[in-house]
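Numbering of the sequence shown is given in the numbering used here, commencing with residue 168 and proceeding in unit increments. Using N, Cα and C, we set each Cβ at its ideal position, and we do this for glycine too.
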Amino acid sequence: MTNPDWIIGIDEAGRGPLAGPVAVGAVAMRFDDYNKEKLIAEKIHDSKKLTEKGREKWFEWMKAETKAGRMHYVVSLVSARTIDEHGIVSSIAAGIKNCLDKLEKKIAMVYLEAELPSKPLLDNLAHYAGQIEILLDGGLKAPDKFTNQKTIIRGDESEPIISLASIAAKVTRDAMMIELGKKFPNYGFEKHKGYGTKVHIEKILRHGISLEHRISFCEGITRQQ
Numbered sequence: 168m169t170n171p172d173w174i175i176g177i178d179e180a181g182r183g184p185l186a187g188p189v190a191v192g193a194v195a196m197r198f199d200d201y202n203k204e205k206l207i208a209e210k211i212h213d214s215k216k217l218t219e220k221g222r223e224k225w226f227e228w229m230k231a232e233t234k235a236g237r238m239h240y241v242v243s244l245v246s247a248r249t250i251d252e253h254g255i256v257s258s259i260a261a262g263i264k265n266c267l268d269k270l271e272k273k274i275a276m277v278y279l280e281a282e283l284p285s286k287p288l289l290d291n292l293a294h295y296a297g298q299i300e301i302l303l304d305g306g307l308k309a310p311d312k313f314t315n316q317k318t319i320i321r322g323d324e325s326e327p328i329i330s331l332a333s334i335a336a337k338v339t340r341d342a343m344m345i346e347l348g349k350k351f352p353n354y355g356f357e358k359h360k361g362y363g364t365k366v367h368i369e370k371i372l373r374h375g376i377s378l379e380h381r382i383s384f385c386e387g388i389t390r391q392q
């Protein structure tokens with residue numbers, strides 16, 4: 168079996184919180200540049216098992232690799248309002264599609280700059296879909312046009328490129344929740360990142376829900392008011 172040109176890892180962060188967006192991270196590398204064994208040896212893990220400092224360290228490494236042209240990563244943030252309107256599953260699916268749309272353009276530009284410098288960007292980027300292998304964590308799924316995709320249970324623990332996607336999603340989402348903590352100081356978003364901690368629930372009962380809360384996730388709490 169011929170190896171693909173590119174490998175992409177995808178994971179999400181923030182599926183379960185009561186507030187804030189859900190984040191989908193996607194990382195693309197040339198198949199020949201993806202050194203799985205080295206990344207495992209350097210103790211890359213799922214973002215939930217790393218300390219905040221550890222996640223930041225890996226995220227800085229990802230930025231350096233991207234700058235050097237050895238990696239591309241994107242993160243899609245899907246709002247609480249969208250989650251309320253369409254549900255968490257559809258919202259994550261939209262985030263995956265958005266990430267892959269962005270990565271396809273980056274990959275297409277790599278081909279065009281290297282091989283077809285005089286031609287405009289192709290309208291049908293699905294031309295490259297067959298040259299891409301996608302690895303997704305848990306129950307995630309890419310659009311059907313990506314025929315070479317694989318969902319891996321606990322993939323964030325066994326596939327470093329999924330772990331990197333998890334880190335990108337988690338770090339980006341956490342940064343947004345810190346900013347939302349400044350905008351909505353009554354809730355402590357910067358501390359619990361929107362998750363349903365005892366303190367967070369107490370603050371919802373005291374102050375009501377904010378514009379950044381997922382109303383559909385908070386119904387059981389708001390009924391107590």
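Selected residue, minimal CA-CA separation from residue i, among the options
{"i": "Thr314", "options": "Ser325, Ile301 and Arg321", "result": "Ile301"}
{"i": "Arg248", "options": "Lys269, Ala195, Asp268 and Val189", "result": "Val189"}
{"i": "Ser330", "options": "His359, Ile263 and Phe226", "result": "Phe226"}
{"i": "Gln316", "options": "Glu324, Gln298 and Ser325", "result": "Gln298"}
{"i": "Gly236", "options": "Asp200, Lys308, Arg390 and Gly176", "result": "Asp200"}
{"i": "Asp311", "options": "Ala275, Gly305 and Leu267", "result": "Leu267"}
{"i": "Glu271", "options": "Asp172, Leu378 and Asp341", "result": "Asp172"}
{"i": "Val433", "options": "Arg321, Met196 and His253", "result": "Here the chain comprises residues numbered 168 to 392, so residue 433 is not present and cannot be evaluated."}
{"i": "Ile175", "options": "Phe384, Ala208 and Gly322", "result": "Gly322"}
Three-state class that DSSP yields for residue i in the structure shown
{"i": "Asp178", "result": "strand"}
{"i": "Lys312", "result": "coil"}
{"i": "Leu289", "result": "Bear in mind that a pLDDT of 47 at Leu289, under 50, signals an unreliable position, so the number given afterwards is only what the model happens to contain. The answer is coil: DSSP assigns Leu289 none of H, G, I, E or B."}
{"i": "Met343", "result": "helix"}
{"i": "Ser325", "result": "helix"}
{"i": "Ile211", "result": "coil"}
{"i": "Ile320", "result": "coil"}
{"i": "Leu303", "result": "strand"}
{"i": "Met196", "result": "strand"}
{"i": "Leu372", "result": "helix"}
Expected contact under 8 Å - CB spacing of residue i and residue j to nearest Å
{"i": "Asp178", "j": "Gly187", "result": "So it is not a contact: roughly 17 Å between Cβ atoms."}
{"i": "Gly361", "j": "Gly181", "result": "7 Å"}
{"i": "Ile371", "j": "Ile388", "result": "5 Å"}
{"i": "Ile319", "j": "Asp341", "result": "Actually they are not in contact, since the Cβ atoms of Ile319 and Asp341 sit about 24 Å apart, beyond 8 Å."}
{"i": "Leu307", "j": "Ile255", "result": "Rounded, the Cβ-Cβ distance is 12 Å, inconsistent with contact."}
Nonlocal neighbours in the same chain, by C-beta distance under 6 Å from residue i, ignoring five residues either side
{"i": "Lys203", "result": "Pro327"}
{"i": "Ile211", "result": "Pro327 and Ser330"}
{"i": "Pro184", "result": "Gly361 and Tyr362"}
{"i": "Leu206", "result": "Pro327"}
{"i": "Asn170", "result": "Phe198"}
{"i": "Gly262", "result": "Val191, Ser243 and Val245"}
{"i": "Glu209", "result": "none"}
Own chain partners of residue i with C-beta closer than 8 Å, once the 5 adjacent residues on each side are dropped
{"i": "Met229", "result": "Val194, Met238, Tyr240, Leu331, Ile334 and Ala335"}
{"i": "Val366", "result": "Gly355, Lys358 and His359"}
{"i": "Glu252", "result": "none"}
Beta-carbon proximity list for residue i, same chain, < 7 Å, skipping 5 on both sides
{"i": "Asn265", "result": "Ser243"}
{"i": "Arg373", "result": "none"}
{"i": "Glu379", "result": "Ala186, Gly187, Ala247, Leu347 and Phe351"}
{"i": "Arg390", "result": "none"}
Contact test: residue i Cβ vs the ligand PLP heavy atom, cutoff 7 Å
{"i": "Asn202", "result": "Questions concerning the ligand PLP fall outside what the structure shown contains, since it holds no ligand whatsoever."}
Count the C-beta pairs between the segment 242–252 and the segment 327–344 that are closer than 8 Å, then say yes if the count reaches three, no if not. yes
Would you check if the segment 219–232 and the segment 343–350 touch, i.e. whether three or more CB-CB distances between them fall below 8 Å? no
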